[in-house]
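Student:
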Ligand SMILES: Cc1cc2nc3c(=O)[nH]c(=O)nc-3n(C[C@H](O)[C@H](O)[C@H](O)COP(=O)(O)OP(=O)(O)OC[C@H]3O[C@@H](n4cnc5c(N)ncnc54)[C@H](O)[C@@H]3O)c2cc1C
């Protein structure tokens with residue numbers, strides 16, 4: 012099987028104009044490093060506050076995870092609600108959950124205010140039980156959500172699941188109505204144009220090579236096209252964090268995630284598979300996530316390899332994902348796969364996002380695959396913070412952990428992969 016290594020989203024978004032080869036300013040109030048949802052939404056808000064903001068992106072705007080993801084705009088966090096309560100107690104857990112709802116409101120508000128055409132629909136999500144026992148934990152999560160967080164979801168056992176998910180492979184679903192789905196590349200392109208309209212100075216093909224603290228405050232940001240004196244620097248490089256900011260490289264674990272998209276489906280088939288067109292994911296550690304695209308393809312993703320994307324890992328993952336998609340949806344046995352691609356997630360050692368200021372540098376990162384809404388939200392909130400206009404950071408005060416001897420090269424991933432596969436086997 013020969014599958015083109017191209018992202019469906021890049022192939023189906025109108026091309027964004029180029030922001031390369033523009034003259035760099037000598038000075039800026041704020042330099043933002045990284046041109047994904049975090050960086051661009053921060054640049055948008057900073058420009059609206061009247062700051063002289065320059066954004067540096069090493070490749071093209073949205074080149075990282077922000078144009079390659081599943082487009083699932085999700086409430087909740089990587090940690091499940093029972094975990095949140097166990098770790099933080101009811102009150103703080105409720106606060107963190109409410110923050111995740113605010114992230115969706117933020118995405119919806121930006122889309123509306125900036126009139127971003129990105130196929131956004133508040134379609135809700137399905138969490139599908141990969142094993143019979145996993146449905147019990149979905150039922151418990153539903154109870155915690157209702158009782159402790161005032162958030163209504165529905166847990167449907169396998170016998171009643173068909174109205175939401177036509178896949179015998181699964182053992183019941185949790186249905187949340189609050190989440191949404193969008194076209195990731197159209198969203199980041201729309202954000203970039205909104206930031207430019209607001210006055211942000213955007214630069215592609217301009218990696219920040221190094222940062223130096225200035226004696227009288229602020230930083231000099233060096234690139235191979237010149238240096239910028241910045242009063243403040245905001246680091247928004249998530250899974251692609253590199254040696255320009257070793258302090259964050261030591262705290263972010265880059266992990267690959269891969270997606271395939273089929274040819275468009277007959278509407279009778281798609282209606283039978285995901286009747287309400289909700290976005291979906293399952294309960295495993297090595298989880299699958301899937302949805303119908305706006306042009307009615309099955310988009311099916313997962314952590315088929317742990318390492319970040321290369322042509323080899325994309326090819327291998329495409330084969331694995333196709334087999335796994337057919338196991339879940341045998342109806343798609345003869346449907347050709349039209350696109351396959353991968354991207355890099357930014358995990359942290361405690362699986363929570365982190366934002367704040369460290370060693371003088373502002374940052375927001377570590378979304379662990381839940382970044383469409385959270386990255387957009389934290390970009391805006393940290394922009395408020397930098398501009399001295401408040402800014403709400405749900406993760407305020409949480410230490411941003413690293414590990415002795417870790418320098419950004421995750422040698423332990425093969426071991427972690429074995430461990431999580433084992434957990435999936437025995438859970
Ligand atoms: C395959 C895949 C599927 C996903 N699915 C979902 C999903 O369905 N729902 C969800 O909520 N989340 C999902 N995510 C996660 C989500 O996409 C990310 O959390 C989010 O896009 C992070 O945005 P960001 O701006 O922080 O980082 P990114 O979009 O990764 O942007 C970081 C940017 O920094 C740039 N950069 C790095 N170093 C430098 C430097 N020195 N100088 C200049 N630029 C630099 C990179 O080139 C990159 O463009 C998925 C991720 C992947 C990879």
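Residue numbers (our numbering): 12 to 438. Just so you know, even glycine gets a beta-carbon here, dropped at the ideal spot from N, CA and C. Computed from a prediction, not measured in an experiment: that's the story for all the values here.
Tell me whether residue 218, by its Cβ, gets closer than 7 Å to a heavy atom of ligand 1.
Tutor: Result yes, Cβ under 7 Å from ligand 1.
Student: Taking 8 Å as the threshold (C-beta atoms), are residue 264 and residue 411 in contact?
Tutor: Contact flag unset, no.
Student: Alpha carbon to alpha carbon, how far is residue 191 from residue 221?
Tutor: Taking the straight line joining both Cα atoms gives about 38 Å.
Student: Can you list, in chain order, the stretches of the alpha helix (DSSP H) that have 4 or more residues and sit fully within the region 352-437?
Tutor: Segments of the alpha helix (DSSP H) lying fully in the region 352-437: 382-397, 424-437.
Student: In chain order, what are the residue ranges of uninterrupted alpha helix (DSSP H) at least 4 long that sit wholly in the region 311-342?
Tutor: Counting whole runs of 4 or more residues, the region 311-342 contains the alpha helix (DSSP H) stretches 322-339.
Student: From the DSSP output, in three-state form, read off residue 46 for me.
Tutor: In the structure shown, residue 46 sits in coil (DSSP, three-state: anything other than H, G, I, E or B).
Student: Closer than 7 Å to a non-hydrogen atom of ligand 1 - does that hold for the CB of residue 41?
Tutor: Answer for residue 41: no, Cβ out of range of ligand 1.
Student: Touching or not, the region 380-387 and the region 84-98, by the rule of three or more beta carbon pairs under 8 Å?
Tutor: Flag = yes, the region 380-387 and the region 84-98 touch.
Student: Could you give the C-beta distance for residue 16 and residue 326, rounded to a whole number, given that I count them as a contact under 8 Å?
Tutor: Going by Cβ atoms, the distance from residue 16 to residue 326 rounds to 7 Å, so yes, they are a contact pair.
Student: Is residue 294 near ligand 1, in the sense that its beta carbon is under 7 Å from a heavy atom of that ligand?
Tutor: No, the beta carbon of residue 294 sits no closer than 7 Å to any heavy atom of ligand 1.
Student: Going by beta carbon distance, what residues of the same chain come within less than 6 Å of residue 216, once the five residues before and after it are set aside?
Tutor: Same-chain partners within the cutoff: 31.
Student: Taking contact to mean at least 3 C-beta pairs separated by less than 8 Å, is the region 101-113 in contact with the region 260-276?
Tutor: No: fewer than three Cβ pairs fall under 8 Å.
Student: Specify the secondary structure class of residue 261 as computed by DSSP and reduced to three states.
Tutor: Residue 261: coil per DSSP, three-state reduction.
Student: Rounding to the nearest angstrom, what Cα-Cα distance links residue 244 and residue 401 in this structure?
Tutor: So the two alpha carbons sit approximately 17 Å from each other.
Student: Which residue marks the beginning of the beta strand (DSSP E) containing residue 231, and which one marks its end?
Tutor: Counting along the chain, the beta strand (DSSP E) containing residue 231 begins and ends at 230-234.
Student: Hey, how far is the Cα of residue 385 from the Cα of residue 363?
Tutor: So the alpha carbons of these two residues sit roughly 11 Å apart.
Student: Is there contact here, the region 286-300 with the region 345-355, by at least three beta-carbon pairs under 8 Å?
Tutor: Output reads no: the region 345-355 does not touch the region 286-300.
Student: Who are the near neighbours of residue 27 in its chain, counting only those whose CB is closer than 8 Å to its CB and skipping five residues on each side?
Tutor: Correct list, in chain order: 71, 72, 73, 200, 203, 204.
Student: Would the beta-carbon of residue 247 fall within 8 Å of that of residue 45?
Tutor: Against a cut-off of 8 Å, the Cβ pair of residue 45 and residue 247 comes out as a contact.
Student: Secondary structure at residue 187, three-state DSSP: helix, strand or coil?
Tutor: DSSP places residue 187 in strand when its eight states are reduced to three.
Student: Check whether the region 335-352 touches the region 175-190, counting contact only when three or more Cβ pairs, one atom from each stretch, lie closer than 8 Å.
Tutor: Cβ pair count under 8 Å is three or more, so yes.
Student: Under a three-way DSSP split, which group does residue 442 fall into?
Tutor: With the chain covering 12 to 438 only, the question about residue 442 has no answer from this structure.
Student: Compute the Euclidean distance between the alpha carbons of residue 397 and residue 403, then round it to the nearest angstrom.
Tutor: The alpha-carbon atoms of residue 397 and residue 403 are separated by roughly 11 Å.
Student: Using the Cα positions of residue 371 and residue 237, report the straight-line distance between them to the nearest angstrom.
Tutor: About 22 Å.
Student: Between residue 304 and residue 85, which are expected to be in contact by the criterion C-beta below 8 Å, what is the C-beta distance as a whole number of angstroms?
Tutor: The Cβ separation is near 17 Å, so there is no contact.
Student: Since residue 105 is in the alpha helix (DSSP H), which residue starts that stretch and which ends it?
Tutor: First-last of the alpha helix (DSSP H) with residue 105: 101-124.
Student: Which class does residue 216 belong to by DSSP, given the choice of helix, strand or coil?
Tutor: Residue 216 falls in the coil class under three-state DSSP.
Student: Closest to residue 225 by C-alpha separation, out of 242, 253, 115, 52, would be which residue?
Tutor: Residue 242 is the option with its Cα nearest to residue 225.
Student: Can the beta-carbon of residue 376 be found closer than 8 Å to that of residue 230?
Tutor: No, these two residues do not count as a Cβ contact at 8 Å.
Student: Could you pull the DSSP bridge partners for residue 244 from this structure?
Tutor: Its beta-bridge partners are 42.
Student: Short check: CB of residue 57 to CB of residue 366, under 8 Å?
Tutor: Not in contact: residue 57 and residue 366 (Cβ atoms no closer than 8 Å).
Student: Bridge partners for residue 301 per DSSP, in chain order?
Tutor: DSSP, once it has assigned bridges, lists 291, 311 as partnering residue 301.
Student: Could you give the DSSP three-state label for residue 267: helix, strand or coil?
Tutor: DSSP places residue 267 in strand when its eight states are reduced to three.
Student: According to DSSP, simplified to helix, strand and coil, what is residue 23?
Tutor: The answer is helix: DSSP assigns residue 23 an H, G or I state.
Student: Are residue 170 and residue 219 closer than 8 Å when you measure CB to CB?
Tutor: No; because the gap between Cβ atoms is not below 8 Å, this pair is not in contact.
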